[in-house]
Structure formats: structure tokens, C-alpha cells
Amino acid sequence: MPATPGYEGGLYMDSAGTETRIAKVREATLTIEAETIDATNFDTEGWAENIPSFRSWSVDAELLYVPDDTSQEDLEDALFANSPVTVVLYPKDAASMKGYKGTAYITSYEVGAPVDDGVTISATLTGTGPLTKVTKPAS
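The sequence shown begins at 160 in my numbering and counts up by one.
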């Protein structure tokens, strides 16, 4: 099976079951991490022993800025209102493909205006609660 090119992905916000694609996403990186608890004791014969603990996740996204785009404004509005958003990331944005869905807060929002490139938005969406695997429905 061939590799999946990144441009086939899609980042969405979900409102009441309706997914709206976030405009002009250049890159979206999902990070899932698990903390560990040190369970080392006298019986581990000098080896550290760990057990899994809390898991966390976040999405870092870079977008090309589009004035008055509602999907980009929704991200900014959620930050100012301290409101959670439901985010869905499909590494391959096609029917029946696997994706990831969860509730997140916008915890970082940067606007970059370089002289030699397009204006960008960099946003971090920090998960609150579980991240679930989902399947993209048919259109």
C-alpha cells in the first residue's frame, strides 16, 4: 500500500454533528502522549518499572490567513470566549478513512505576517477529555 500524501488530509470543527472544514490548513499535527507512574520497588532488581497514567493530546495547526472566513473566525472566537470546540482530524480526508475526534480548547493563536510569504495563523488546540478514533462517513 502506498504512503498517503499530506495534502489529502482534512481538519474540521464539529458542531452538533455537522463537520465544517477549517479553511486553508497548511499543516496539522496531532500529538498523543501518555504520562507514567514510577512503580520501581525493591523487587525490580535495579530496573525502573513504570505503569501508564494520564493520556493527553493536542493538535498544532498552521493555516493561511483568510480575512472574514467563518471557520478561522470560529477558532479565534472560541479562544476569546474560553469555549471548547470539537475537532476532527482525518489524515486522509475520504469516505471510510480513519480519523481522530475530541473536544479541545484553543490555547495558542498566533498571526504571522512575514514579508516574503503569506500571512499565517498558528493555533494549538489542547484536548480536554478523551480522543476517539472515528471513521469518515460517506458524503
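For each residue, glycine too, the CB sits at the ideal point set by N, CA and C.
query, result
"Restricting to runs no shorter than 3 residues, where is the beta strand (DSSP E) found entirely within the region 167 to 252?", "169 to 174, 177 to 180, 184 to 197, 209 to 223 and 244 to 249"
"Could you compute how far the alpha carbon of Thr287 sits from the alpha carbon of Gly277?", "31 Å"
"How far does the beta strand (DSSP E) with Gly261 in it reach, from first residue to last?", "Lys257 to Gly271"
"State buried or exposed for Trp216, treating a residue as buried only when at least 16 other CB atoms are found within 10 Å of its CB.", "buried"
"Label Ala254 either buried or exposed according to how many other C-beta atoms from any shown protein chain fall within 10 Å of its C-beta, with 16 as the threshold for buried.", "exposed"
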